[in-house]
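Working notes, structure below.
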Amino acid sequence: MIPELGQFALILACCLAICQAALPLAGAQTGRRDWMVMARSAATGQFVFVVIAYAVLTHAFVTDDFSVRFVALHSNSDLPLGYKIAAVWGGHEGSLLLWSLMLALWTLAVAAAGRSQPLEFASRVLGVLGIVSAGVLLFTLLTSNPFDRLLPPVIDGNDLNPLLQDPAMVAHPPLLYVGYVGMAVPFAFAVAALLTGKLDRNWARWTRPWTVGAWIFLTVGIALGSWWAYYELGWGGWWFWDPVENASFMPWLMGTALIHSLAVTERRGIFKSWTVLLAIAAFTLSLLGTFLVRSGVLISVHSFASDPERGLFILLLLLLISGGSLVLYAFRAHNFEAEGGFRLVSRESFLLANNILLVVACGLILFGTLYPLFHDAMGAGNLSVGEPFFNVVFLVPMLPLAFLLGLGMHAAWQKMNPKTLIGRLRWLGIAALLVAVVFPLIAYGSTGVMTIVGITAGVWVTLSSLIEPVSRWLDSRAVRLTRAQWGMFIAHLGVGLFIIGASVTSAFTIETDRAVRIGETWEVAGFDIEFRGLRQVEGPNFVADEGEFELRRDGEFIATLRPQKRIYRVRTEPMTEAAIDGRMARDVFVALGEPLGDGAWSIRAQYKPMIRFIWFGCVIMALGGLLAATDRRYREPVRERAEAKSRVGKPAEQGGH
Amino acid sequence: MPALTRLRALARGASTLAMAALLALGAALHAQEIVEGFEDPALDARYRDLIHEIRCMKCQNQSIAESPIDQAADIRRLVRVLMVDGLSDAEIRAYLAERYGDFINYRPPFKPSTWLLWSAPVILLAGGAFVFARVLRERMGQPLDEDIDR
Amino acid sequence: MWRYAIPVVLLLVLGAFFYRGLYLNPTFVESPLIGKPAPEFTLPDLENPEGTVGTEDIAGRYALLNVWATWCVECRHEHDFLLSLAESGMPIYGLNWKDERDKALEWLEVLGDPYVASAVDEIGDVAIDYGVYGAPETFLIGPDLTILAKHIGPLSTAIWEARFAPLIESHHGAP
């Protein structure tokens, strides 16, 4: 009976979402205040019922209700409680419900914050969010109902996919979804601006913290996924350019471009239509990601069960929501053209270059990810586009971006003397190059062109991010940095650390596969590893072979590593759990391979230098974002200000736009 | 086809070697044998890079380096045999594509139907440069703000 | 002004490709060997260890080369169809892939033997030459040893009639 209540709650939520969409938008169009005001209550109501539906599904998992098909497919009575709760998002239907929940949360937050905005605008924002909510809820109810019954019920369930039975894997989807779904907020703001026909610096000031907020969660979510893949999949890799990974990375790239474009709009009131387009594009890519994962159009380790019917529904949703907003854009965007000059060397110029390079990068990834589809659809057969393509192609826009980043951070608005800019930073550049040349030789005994380029870029960005905070700290008379400035420098510091980690680990990773017997020791990258023993262990829902390895260096004991090879009782696929001794400077990674007979096992041991800088860099980026988003100027009430006040100088020749 | 027979003979030879190695393992494990790889570090590095670029045909998007299944191990063994036989990376990729199709290589081939793909970076970058120049020219002709507050 | 319409147009083009993509199968890989000569091989005969089975035996008429193994679950699904096909006169050669001789012989004894002869590919090198990556796979080979078609997965009446039978008929017509 209770699951049916959940379904009923979903239906109510959907109805409320439709109200949330229709009434405020119609009200804003016709000027009916009573309709516009409904937005907030509809949003609240929708939230309540989505929460109820979600709680009901969770309850079904926790109580082992195997009469619900979704629970039967993704849970088991032996599954630990924490994983039962996480199993809600372990499959297509439940993860859609999570999507709706996140969207309802964001909507509620936007509704609460919208009190300080003009009613017409605020109701349009909620109206657009309502359209998205309604679309997703309809999709859920019509094609992917998590509350479908399985009658007669099974005695016990199919267990959660063992790959998902892991803390990082539990946290990864919710965090990622908060980010993915959060991109709907700037999207809604953009469409509302198109509908209102007005976009000023206040709009940018409202939109930016929401965008940064969603971006922070995307950053952490993606980093968590990468970290999980590294230690769980047992192969030492941290990014595979899998279509679904790319699907989460593209909104991140667009989101980053959007944040920077908003900076220009907020400051100068220009790049408005471009910012609106980026906001629409970022959310379109989120929806596209949803489509790619669930439609079976591309092959991925991450794919949910594919179904052309579901794919078609999402495609229509995508075309309606994105297509609709882009049609609106085609008609209304010209209203946003504005004057505002800047010179070649100026912050605006650097931000423009930043945006272009990020969009190029995003476009290349999109093109590469979809190319097999294009190729096949044109009748030329099936094709694979993977790491060899993306690793090369991604660097083409990204390396220039890294170098420009270091400069752009210090550029003044409107115009700056290039000598001033370079003068300050020239020594940092030289220092970066020196470090890049010397460090690999000393630390790892070898080097290469791409290694030097990569480390130079990373160190350059790092030093450039640090110079301002450090110099102000040393000079007690200097003006203190605002929180937003701190945020910027710290976020860029994170980027620098990431680049260093990625470059070093790509260049100096050592992978070995050896046949080892118990009692033997072998050497990897200067470490001695001794295979001390093997035993059987039992977990709550699995049995495993556990190896015991002692890690030593120069005779000194470092750590005991216990990698496992697990077999889960219900889904009998074997799973490798690697054992890692992790430090910032390096990871040593040991995983059990296959038994070779006569007491010997094939053991995979890897040395991964500075790999933690990759995820540490991401965390620092997110921290920078958090600082930037909570700057005081966003928390103060916004004062309306006249747009075209002090434009001095010769009257502009109005020719083109 | 003599090439095939020769390679097959080599493969049989290599498998015999592998069998012998396994037997040797059984008999007396002296140094820790490399299970799958080469003693020569340069060759080993090349091998590891190459197997990351070849797709496991039966998997959901994994390279043969990452895949635990039997078929992937077969292809890895084939790659080692071909490397011993002196084929270059490009020749090994071509050998596999002849049998399994372009799908097996994660590095897309360079042929008319993929020119667009491989030239995309240059095209997009050129487009970007063009846009940058146009916007900059436009903005450079516009007045600066005299008084600009936060 | 018209440039603001570019994004919509791009989206619609993308949408068209996606729509097409929904009804394509991304895992379907066309074999590059179709239309090319079948790779030559000579392997031990399953039933007669002293003898051999190879492309020499297959040549001269339309025949199927079916890759099978006792560890392959799907092979069992197509076995009955293969038996009926063999009974109707279609020559089927087996390629016993990475299997054990005793198990293979037992399987054929218990379930029936649709094959004119089975070649034993213990190591799997011939299978690699044929681009095999997952049993069962079946090749249609013409009299001049050209590979006419390949099917991955269990064979069935529907697939036979849709893909393989028409090829034999059309080739019969050709001079």
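Protein chains in written order, with numbering that gives the first Met the number 0: chain A, 0 to 656; chain B, 0 to 149; chain C, 0 to 174. Just so it is clear, CB atoms sit at the ideal spot from N, CA and C, and this is done for glycine as well.
Would you call the CB atoms of Val130 of chain B and Ile355 of chain A closer than 8 Å?
Between Val130 of chain B and Ile355 of chain A, the gap from beta carbon to beta carbon is short of 8 Å.
Distance, Gln563 of chain A Cα to Glu545 of chain A Cα:
4 Å
Where Met18 of chain B falls: helix, strand or coil (DSSP):
Bear in mind that a pLDDT of 42 at Met18 of chain B, under 50, signals an unreliable position, so the model cannot answer this.
Looking at Phe282 of chain A and the ligand COA, is the gap between the Cβ and the nearest heavy atom below 7 Å?
Looking at this structure, you won't find the ligand COA or any other ligand, since it has none at all.
Does His150 of chain C pass the burial test, meaning 16 or more other C-beta atoms within 10 Å, or should it be called exposed?
buried
Rounded to the nearest angstrom, what separates Gly81 of chain A and His73 of chain A at their Cα positions?
In a straight line, the C-alpha of Gly81 of chain A is about 13 Å away from that of His73 of chain A.
Decide if the region 488 to 504 of chain A is in contact with the region 441 to 458 of chain A; the criterion is three or more beta carbon pairs, one per stretch, under 8 Å apart.
Result yes; three or more Cβ-Cβ pairs closer than 8 Å.
Just to confirm, are Ala103 of chain A and Phe46 of chain A a CB contact at a threshold of 8 Å?
yes
Could you check whether the Cβ of Phe109 of chain B sits closer than 8 Å to any Cβ belonging to chain D?
No chain D appears in the structure shown, which is made up of the protein chains A, B and C.
List the endpoints of the continuous alpha helix (DSSP H) containing Met574 of chain A.
That residue, Met574 of chain A, is in no alpha helix (DSSP H); its beta strand (DSSP E) goes Pro573 to Glu576.
Residues of the region 121 to 142 of chain B whose Cβ lies closer than 9 Å to any Cβ of chain C, in chain order:
none
Of the residues that make up the region 599 to 628 of chain A, which ones have a beta carbon closer than 9 Å to any beta carbon in chain B?
Sequence-ordered contacts of the region 599 to 628 of chain A with chain B read Ala599, Ser601, Ile602 and Arg603 [C-beta pairs closer than 9 Å].
Round the Cβ separation of Leu297 of chain A and Leu372 of chain A to the nearest angstrom and send it over; I've been treating them as touching at under 8 Å.
7 Å
So which residues of chain B does Pro31 of chain C contact, with C-beta pairs closer than 9 Å?
Ala96, Glu97, Arg98, Tyr99, Gly100 and Asp101
Taking the alpha-carbon positions, what's the Thr508 of chain A to Gln605 of chain A distance?
Rounded to whole angstroms, Thr508 of chain A to Gln605 of chain A spans 7 Å at the Cα level.
Kindly indicate if chain C contains any beta-carbon less than 8 Å away from that of Leu22 of chain B.
Annotation note: pLDDT 39 at Leu22 of chain B (below 50); position unreliable, coordinate value reported separately. For Leu22 of chain B, the nearest beta carbon of chain C is not closer than 8 Å to its own beta carbon.
Residues in the region 350 to 382 of chain A with C-beta within 8 Å of chain B's C-beta atoms, listed in sequence order?
Within the region 350 to 382 of chain A, the residues whose Cβ lies closer than 8 Å to some Cβ of chain B are Leu351, Ala352, Ile355, Leu356, Val358, Val359, Gly362, Leu363, Phe366, Gly367, Tyr370, His374, Met377, Ala379, Gly380, Asn381 and Leu382, listed in chain order.
Would you say Lys414 of chain A faces chain B, with C-beta separation under 8 Å as the test?
yes
Which ranges does the alpha helix (DSSP H) cover as unbroken runs of at least 4 residues, wholly within the region 46 to 80 of chain C, from first to last along the chain?
54 to 57
Would you identify the three-state DSSP class for Gly380 of chain A, choosing helix, strand or coil?
coil
Chain A contact for Gly25 of chain B (CB, 8 Å cutoff):
At Gly25 of chain B the pLDDT is 35, less than 50, meaning the model places this residue with poor confidence and gives no usable figure here.
Count the other CB atoms within 10 Å of the CB of Pro40 of chain B; is the residue buried (16 or more) or exposed (fewer)?
exposed
Within 10 Å of its beta-carbon, does Tyr22 of chain C have 16 or more other beta-carbons around it, so buried, or fewer, so exposed?
exposed
Would you kindly check if the distance between the Cβ of Val494 of chain A and the Cβ of Gly407 of chain A is under 8 Å?
no
What separation, rounded to the nearest whole angstrom, lies between the Cα atoms of Met253 of chain A and Val392 of chain A?
17 Å
Ser5 of chain C versus Leu327 of chain A - alpha carbon distance
Position check: residue 5 of chain C holds Ile in this sequence, whereas Ser was assumed. In a straight line, the C-alpha of Ile5 of chain C is about 12 Å away from that of Leu327 of chain A.
Establish whether the CB of Asp73 of chain B and some CB of chain C are separated by less than 8 Å.
Closer than 8 Å: yes.
Using DSSP with H/G/I as helix, E/B as strand and the rest coil, what is Gln535 of chain A?
Collapsing the DSSP output to three states places Gln535 of chain A in a strand.
Same chain, Cβ closer than 6 Å to Thr137 of chain C, neighbours up to 5 away in sequence not counted
Leu63, Asn65, His150 and Leu154
Where the region 4 to 30 of chain C meets chain B: residues whose CB sits under 8 Å from a CB there:
Within the region 4 to 30 of chain C, Val28, Glu29 and Ser30 place their CB atoms closer than 8 Å to a CB of chain B, listed in sequence order.
Hey, could you find the ends of the beta strand (DSSP E) Trp96 of chain C is sitting in?
Ile91 to Trp96
Is there a C-beta anywhere in chain A that falls below 8 Å from the one on Gln59 of chain B?
yes
Are Ala573 of chain A and Arg565 of chain A close, meaning C-beta to C-beta below 8 Å?
Looking at the sequence itself, residue 573 of chain A is Pro, so the reference to Ala does not match. In this structure, Arg565 of chain A lies closer than 8 Å to Pro573 of chain A by Cβ.
Euclidean distance between Cα positions of Leu284 of chain A and Leu56 of chain A
28 Å
Arg32 of chain A: buried (16+ other C-beta within 10 angstroms of its C-beta) or exposed?
When all chains shown are included, Arg32 of chain A counts as exposed.
Can you list, in chain order, the residues of its chain with a C-beta nearer than 6 Å to that of Asn39 of chain C? Leave out the 5 residues immediately preceding and following it.
First, the amino acid is wrong: residue 39 of chain C is Glu here, not Asn. Excluding positions up to five away in sequence, the list reads Thr54.
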